[in-house]
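Data block below; observations after.
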Amino acid sequence: MSGTKNKKNVSAESVPYDPYQETVANMTAAALKLGYQPSEFEALLYPERELSVSIPVKMDNGTVKVFKGYRIQHSSTRGPCKGGIRFHPDVDENEVRALAFWMSLKCAVVDIPYGGAKGGVTVDPAKLSKGELERMTRRYTSMILPIIGPERDIPAPDVNTNAEIMGWIMDTYSMMKGYAVPGVVTGKPLQIGGSLGRADATGRGVKIIYDLAAKHLHLPRTELKIAVQGAGNVGLTAARLLYEDGCKIVALSDVSGGLYCAGGLDISAISGFVKQKNLLRDYPIDAKTSRITNQELLACACDVLIPAALENQITADNADHIKAKVIIEAANGPITHEADEILNCKGTAVFPDILCNAGGVVVSYFEWVQNIERLYWNETNINHQLQEIMTKAFDEVIEMKEKYQETYRNGALLLSMDRLIQSKKIRGIFP
């Protein structure tokens, strides 16, 4: 078994990487390892529903451009489908299908009553004006409207989408229904039903897993040197929370490059700089700090590496150069299958993405519950419940890992597949 990836990759034999087929192979291997017969999990190897749409948009210059969009629902066995919407030029049906499966696994690992779904539009949003982006979002929403809803499928932000875009989706859906339906999406602005704590949730979940991993491995959590690849919402939030809790962040990077300081970076100052929409290449440094590339960050002298940027960052080409003894996957699929095997042979403890970055979907679940109940919670309560759920999931992954003598990644996969298969068996197959 190995980790699922969500972007195209090419092996040494030039065989195109297929994220969907690898996901199916991983799920099958886990089910067989658990002792299930193919007839007991066969239905889980196929998405329940797939929708492909064409999205005509009137551009600012008066022309019409058509974009391709998708919404794929893997499983509603454990509850409504849940998953983000990404806007990216590399989005395709196979990627979205694999990510939908991945969301089912993630929701099952943390044991929240959701199944997996994912959506996407093949577009570079940086090339659209704000008006074009809004018109595309609203038209896409109207095209997938028949299969989404608070009791069916609840979208959320993902790559290149945010709270404002979720607000457009919520408004479009509500206008079609004739009344406000805040529960149709999560990750919304607070003013229209968003949840306190949602913006920091994924990064906070990463920090929770870091703390639990350090304790589990008997490591001095505040003495470890930590490198964070990615200064987006997840990476910067995780770095800030760790820094505020006394941890030492020796490296941090964004798309423009990174910074390294053996004595620790001033994450508070850097966070303020980045939040002003500045790039790290422009951050003023002192004599103790050096500028590094993203690849140099991955191989820098550190105890813990937190890849929180893009997928497939650690590959067979650079895995041998990784010095960190612990990796906390904050991004989706930052380690390729081949690299995962190399790291395992080196004795590197890799805590997988479907556990580490699940804080976002957990607090999305809280937001959805609040929308349905029309009763809102304070941030302290939300963070406390997030801590409880992430801790329980971590302990259960460790238990499964030790029971089957597997890696942490496969421990999480075994746990999620067991829950999915058991739920499917209980419900049975509708004639």
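Going by my numbering, the letters in the sequence shown line up with residues 2 to 432, in that order.
C-beta: ideal position from N, C-alpha, C; glycine also.
Contact under 8 Å by Cβ, residue i with residue j
i, j, result
"G206", "M391", "yes"
"G116", "C108", "yes"
"L35", "D419", "yes"
"L218", "V327", "yes"
"V251", "G265", "yes"
"G84", "A101", "yes"
"V182", "P151", "yes"
"A394", "A359", "yes"
"T123", "F68", "yes"
"I293", "A331", "no"
"T290", "Y261", "yes"
"I315", "L298", "no"
"Q74", "R98", "no"
"A240", "I268", "yes"
"Q296", "N313", "no"
"Y174", "L213", "no"
"F352", "Y409", "yes"
"A31", "L387", "no"
"R87", "N161", "yes"
"P90", "D125", "yes"
"S424", "T78", "yes"
Helix, strand or coil at residue i according to DSSP, with G and I counted as helix
i, result
"C248", "coil"
"A118", "strand"
"H338", "helix"
"Q38", "coil"
"C301", "coil"
"D255", "strand"
"Y71", "strand"
"L306", "strand"
"A181", "coil"
"V186", "coil"
"R222", "coil"
"V160", "coil"
"R87", "strand"
"I323", "coil"
Of the residues the options, the one placed nearest residue i, counting alpha carbons only
i, options, result
"V65", "L45, A32 and L129", "L129"
"V235", "K404, K208 and A157", "K208"
"P114", "S40, V362 and G233", "V362"
"L356", "N319, H338, S417 and C301", "S417"
"V58", "R139, G258 and E49", "R139"
"R72", "E389, V275, R410 and V92", "V92"
"M104", "N295, I336, L260 and S365", "S365"
"V275", "S254, K216, D19 and E397", "S254"
"K426", "G204, P48, E41 and K178", "E41"
"D354", "D246, N411 and Q388", "N411"
"G233", "P48, G204 and L225", "G204"
"D321", "T337, L225 and D154", "T337"
"K324", "E397, F352 and K226", "K226"
"G259", "A288, V229 and P39", "V229"
"K381", "D246, G198 and I145", "Position check: residue 381 holds Thr in this sequence, whereas Lys was assumed. Comparing Cα positions, the closest option is G198."
"G184", "A200, L213, A202 and R153", "R153"
"A317", "N333, Y37, I329 and K347", "K347"
"L421", "E23, T29 and E389", "T29"
"K249", "G273, G231 and E224", "E224"
"S53", "E94, G80, Y37 and Y47", "E94"
"V305", "P39, W169, M144 and L220", "L220"
"E397", "Q22, I383 and A413", "A413"
Exposure label - residue i; buried when at least 16 CB within 10 Å
i, result
"I430", "exposed"
"F367", "buried"
"R428", "exposed"
"S196", "buried"
"P335", "buried"
"A302", "exposed"
"A118", "buried"
"M171", "buried"
"A270", "exposed"
"S55", "exposed"
"N27", "buried"
Distance cut-off 7 Å: residue i Cβ against heavy atoms of the ligand COA
i, result
"R153", "For the structure depicted, the ligand COA is absent and the ligand set is empty, with no information on it obtainable."
Residue i at chain C interface by Cβ criterion, 8 Å
i, result
"S40", "No chain C is present in this structure, which holds just one protein chain."
Between the stretch 327-344 and the stretch 133-149, can you find at least three pairs of beta-carbon atoms closer than 8 Å?
no
Are the stretch 153-168 and the stretch 183-190 touching, with three or more C-beta to C-beta distances below 8 Å?
Contact holds: three or more Cβ-Cβ distances are below 8 Å.
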